[in-house]
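Protein chains in written order, with my numbering: chain A, 1 to 903; chain B, 1001 to 1114.
From the three backbone atoms N, C-alpha and C, an ideal C-beta is built for every residue, glycine too.
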Amino acid sequence: MGGRAVLMVYRAVSWLYPARVRRSHGEEMAAAVEWEWQRRGEQGVRGVVAFAVWLVVDVARSIVTHRLMPAAQRVRRWWRPHTSERMSYRRRRELVQTTLRDLRHAVRALSRKPAFTATAALTLALGIGANTAVFSVVDRVLLRPLPYPESGSLVRVAHPVPGYGSGEWGLSQGGYFYFKRHSRLLGDLGVYTSPSVLLTGDERAERVGAAAISASVLSTLQVAPVLGRGITADDDVPGAPPVVLLSHDLWVRRFGGDEAIIGRTILMSGRPREVIGVMPPGFHFPRQSTALWFPLRLNPNARPVNSHYFSAVGRMADGADVSDVGGELRSLVARFPQDMPTAYSAQFFDESGFDVVVRTVLDDAVGNASRALWIVLGTVGLVLLMACANVANLFLVRAEGRRREVALRTALGADRMDLLRHSLAESAALAVLGGMLGVGLAYLGVDALTAMAPEGLPRIHELGIDLRAVGVAALVTGVAALFFGTVPLLQRGERDLTEHLKEGTRTTTSGKQRQRIRSTLVVSQIGIALVLLAGSGLLLRSFLSLQAIDLGFEPQNVLTARLTVLPTKYEDAAAANRFFQSVQASLESREIVSSVGMTLQLEIADRAYDNATQLTDRPDGGETMQIIDQKFAGPGYFETMGVRLLEGRYMERADLEEEVPGAIVTRALAERYWPGESAIGKRLRPMFRQFPWHRVVGVIDDVRTEGIQLEPKPTVYFPYTDSRSTTMAVVVRSEAPLSAILSTVQREVWALDPDVPIAEVQSMERIVADDMARTVFTMSLLSLAAAMALLLGAVGIYGVVSYSVTQRAPEIGIRLALGARGGQVRAMVLGQTMRLALIGIGIGLVAALALNRVMNALLFGVQSTDPTTFAVACVILASVAMLAGFLPARRAARVDPLEALRV
Amino acid sequence: MSHHDTEIADLLPLTPVVFHILLAVLDGPRHGYSIMQQVNRRSDGRVGLGPGTLYGAIQRMEDAELLHKTAPPEGEASDPRRRYYAMTARGRAALLAETGRLESLVATVRQKVI
């Protein structure tokens, strides 16, 4: 019953069975299905289901067995035409043995040709080593997260003030509390400043970096101390007992790692503080040099003022992202004039363009460097590509030379698989050798990179080769080995073996094909080399532009150092000022010293106070209050720094003590606030602490205070005696070497007070150089890569042209025999070289023009499509190509026609 | 495609399907459906044969000359759709070789375990 139905079912699925089986056994299969149905049908519903399952499973297995697996076997048969269908286990064992044998042979073959092996291995080592080193840097700096829990949600908050220039301001106290109260998308927010403080007491006085933080900083970072307790909200109110947290390094170094430190009191800047905890090792917030944390003890109810010097770090609430938070804070900032009118006037908002920006902490820290680092990584990747191309070329030459050997082997029964195995064994051995050398080079490279790297790159001090980098190197090595192991075999089967077995055949179709491949490789190498050359040329010009910038002062031959006086020894600001003046006077008397000055803020190294300043005697007769960069310096400072005087005079000693003290302003300030008039005699004063009015006694040319690449802003220099600081930087100009000046300074300072530490001794040139460090770093790396590319390209061209000369020797011989002169033959070869080079340069130009858009952010003073740079790069490349072709050309001219024509 | 020159050893190890089919015809020729039932029963359904798998294997074994079609034995000429298969000498040799291989394996295990 239902037999016919079953037959229809069978016929429906039978086409899925392999055709041959159906042809031979179709009727039997149909019968089997019918009989099975009859049998199962007696078992009721369960039987029907079982029957269906049985049939479906059989169809599936049949498809797998008869269609998929034979396809796989067909592929295998292509590799091994001489063997039978299935690979028995005996065969598998043989495979392992033959592979080991191949490796042994490969090593022996490679050692028989040391020149080839050395060249290939070193080329690979260069490419792999460079990649591993740079990847280590990129991995540490960019790919690893910061050492805080869930650092992805940490953000920085700052206030751009486009109306005042390109800088960004920190938060004000009022602004901080406002955000804290009203923001919902910021889960937590903390503010901090980074003063350096003086540690005195049992040991030698020492200046260390510190951070004054709100208690919310620790909760935002979610870092807890390993010993004792952290700073709580109770510690962070005005009038709370002074406490401090130590860094792990400091605790071990200065306090012996003694756990009893908790509860003890230490002297910080002369004032006692109780140590309440020790932070975990590796915790260095906000700077690598921060060793102490103490509470800010801000008053939330204090009257808000327009003074911005807090850095801020916040944590985004769950689910919020940077643009959400930015939007919310912007809407809050829009209410500042309404809710904090004493600090934020509408006029101030208009003029400054006061805004708020939120960035992830990583973006903020790495900034421009991230683009530079990715560019560098791309660069060394290109170099590796070139190295692989070179090695592939070498392999092609080798393959060409072993044509007959290969033909013989094939005739004797080796199949494609065997040939591939041989080739892969050699390339694997070479790749491993090159890889090991490369990792060794990388170790050296990373050391060099760390030394050259600009400060402020996160984790830069933790550099070392790690497992990930080595893993990447291994991966790259493996891929490279596969690449140039198989490139020589990339052609159709060589059916006609007899052609190869014949003696004296030099040019075959496959030989021509190989030559084409080689030429293509070389041309692409030239292209890559051009891209790298042009890129490094552009960066070089940027660097030179930066160097040529007028800083507004002369950094050569100026030594800087910071002096700090103990607050306990000097009762008040006047006493401290007297000390600094004595230091200056005694240094001035030394012959070795050309000039000396004091300043609170060193150019470029320190930021100015951007604070409210009141100016009067305006052209319209009125007063105005502005946010202006304020710096504090003294007589002798301007001369020592080599600042140019435009009007009036430099600051003098007398200016410090007058009833209306003198001040110096920069040209930008004079032109902005007293346009069309002389600024001399105008008055201005800082708007805090009841400062007296100051009189402008001199106008100096603009100084690039904030950094080389930033436009100079209007700046006023008040006498340093106003600042009431216990730390002052001394600047000394002298022709003598650094060590001589330093020992003079030490002698004079310690003669007056032996307890004064002298810290951060650097030359002004060093400070300027550090500012350019980022550009220099990228530029050096790119130039190095370009040099390597040039070398590899030259070697590549030499190889191709040289080989071509060998191939064409008979033709050249004929020409010479028929009367061609040596010079003509040379010209012919050089012409071939130039053809290759020009094609490569053409490709390179197109690629470079496209890619260099990427570099725009790093350039300064030069366009990314600058024609001069490109022209120079082309000329250099063409010359190198000509040089590389020179030797083969000479060889071609010297070909002995008889020798060449001998078959 | 003649496989006379392919060694029996190269056919080892036999797949379970082939082995069971050879077992099934060891005692004498059988027709396809009967082989299928025998194999499924003897392996408790683990080697579940269906028409495709059975006749695919039979086809392969015929190619490898382990099996050949034969006339129905006396007294069983019932259904014309039944085709009978018998083991060849080569098939017998393969079965014996595989059995020997399994025996030596078993012996090794027994030696070590006992």
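Short Cβ contact (9 Å threshold) for A:R39 with A:G26:
no
To be precise: take each residue of the stretch 5-19 of chain A, compare its Cβ to all Cβ atoms of chain B, and keep it if any distance is under 7 Å. Which residues remain?
Y17, P18
Rounded distance between the beta-carbons of A:L171 and A:H308, thought under 8 Å:
6 Å
How is the beta strand (DSSP E) around A:K180 delimited, first residue to last?
Careful: A:K180 lies outside any beta strand (DSSP E), inside the alpha helix (DSSP H) at 173-182.
Using the Cα positions of A:G190 and A:Q709, report the straight-line distance between them to the nearest angstrom.
30 Å
For the alpha helix (DSSP H) that contains A:I63, what are its first and last residues?
44-63
Chain-ordered chain A contacts of B:T1053 [CB-CB under 8 Å]
D58, R61, S62, T65
Using the C-alpha atoms, what's the distance from B:V1047 back to A:A904?
Past the boundaries of the shown model lies residue 904 of chain A; chain A is included only from 1 to 903, so the question cannot be answered.
Specify the secondary structure class of B:A1097 as computed by DSSP and reduced to three states.
helix
Does A:R492 pass the burial test, meaning 16 or more other C-beta atoms within 10 Å, or should it be called exposed?
Residue placement at A:R492 cannot be trusted, given a pLDDT of 44 that sits under 50; what the coordinates show is reported in the next sentence. A:R492 comes out exposed.
Pull up the DSSP beta-bridge partners for A:I758, would you.
A:L563
Going along the chain, which residues of its own chain have a beta-carbon closer than 6 Å to the beta-carbon of A:A605, five neighbours each way excluded?
I767
Would the stretch 639-658 of chain A count as touching the stretch 589-604 of chain A if we require 3 or more Cβ pairs under 8 Å?
yes
Against chain B: residues of the stretch 25-38 of chain A by CB proximity under 7 Å
H25, E27, E28, M29, A31, A32, V33, W35
Going straight from the alpha carbon of A:E206 to that of A:V696, what length do you get?
38 Å
Please report the distance separating the alpha-carbon of A:A106 from that of A:E426.
5 Å
7 Å Cβ cut-off: residues of chain A touching B:R1083
E28
Any chain B beta carbon closer than 9 Å to A:S21:
It should be noted that the sequence gives Val, not Ser, for residue 21 of chain A. Yes, A:V21 counts as interfacial toward chain B.
Is it right to say A:M788 is buried, meaning 16 or more other beta carbons lie within 10 angstroms of its own, or is it exposed?
buried
For A:M625, does the three-state DSSP call read helix, strand or coil?
strand
On the three-pair Cβ rule with 8 Å, is the stretch 1017-1036 of chain B touching the stretch 1047-1060 of chain B?
yes
Taking the alpha-carbon positions, what's the A:Q630 to A:A608 distance?
5 Å
Out of A:A291, A:S216, A:T232, A:G127, state which residue places its alpha-carbon closest to the alpha-carbon of A:L198.
A:A291
Please name the residues in the stretch 1016-1044 of chain B whose beta-carbon is closer than 7 Å to at least one beta-carbon of chain A, in chain order.
G1032, Y1033, M1036
Please decide whether B:L1049 counts as near chain A, where near means a Cβ-Cβ distance under 9 Å.
yes
On the three-state DSSP scale, how would you describe A:R315?
strand
Specify the secondary structure class of B:D982 as computed by DSSP and reduced to three states.
Outside the modelled stretch of chain B, which goes from 1001 to 1114, sits residue 982 of chain B, for which no answer is possible.
Which residues DSSP lists as bridging B:N1040, in chain order:
B:N1040 is not bridged to any residue.
Note down, in chain order, each residue of its chain lying with its Cβ closer than 7 Å to the Cβ of A:L298, except the 5 sequence neighbours on either side.
Q173, S214
What are the boundary residues of the alpha helix (DSSP H) that includes A:W37?
19-41
Under 9 Å Cβ-Cβ, which residues of chain B neighbour A:L95?
Within chain B, no residue comes near A:L95; the closest Cβ sits about 15 Å away, beyond 9 Å.
Nearest-angstrom beta carbon gap, A:L332 and A:V157 [assumed within contact, 8 Å]
That belief does not hold up - the Cβ atoms of A:V157 and A:L332 are roughly 11 Å apart, past 8 Å.
Assign A:I549 to one of three DSSP states: helix, strand, or coil.
coil
Using a Cβ cut-off of 8 Å, pull out every chain A residue sitting near B:G1056, in sequence order please.
Y17, P18, V21, S62, T65, H66
Distance between A:P754 and A:R204 (C-alpha atoms, nearest Å):
11 Å
Could you pull the start and end residues of the alpha helix (DSSP H) that A:A158 belongs to?
No alpha helix (DSSP H) contains A:A158, which is instead part of the beta strand (DSSP E) from 154-160.
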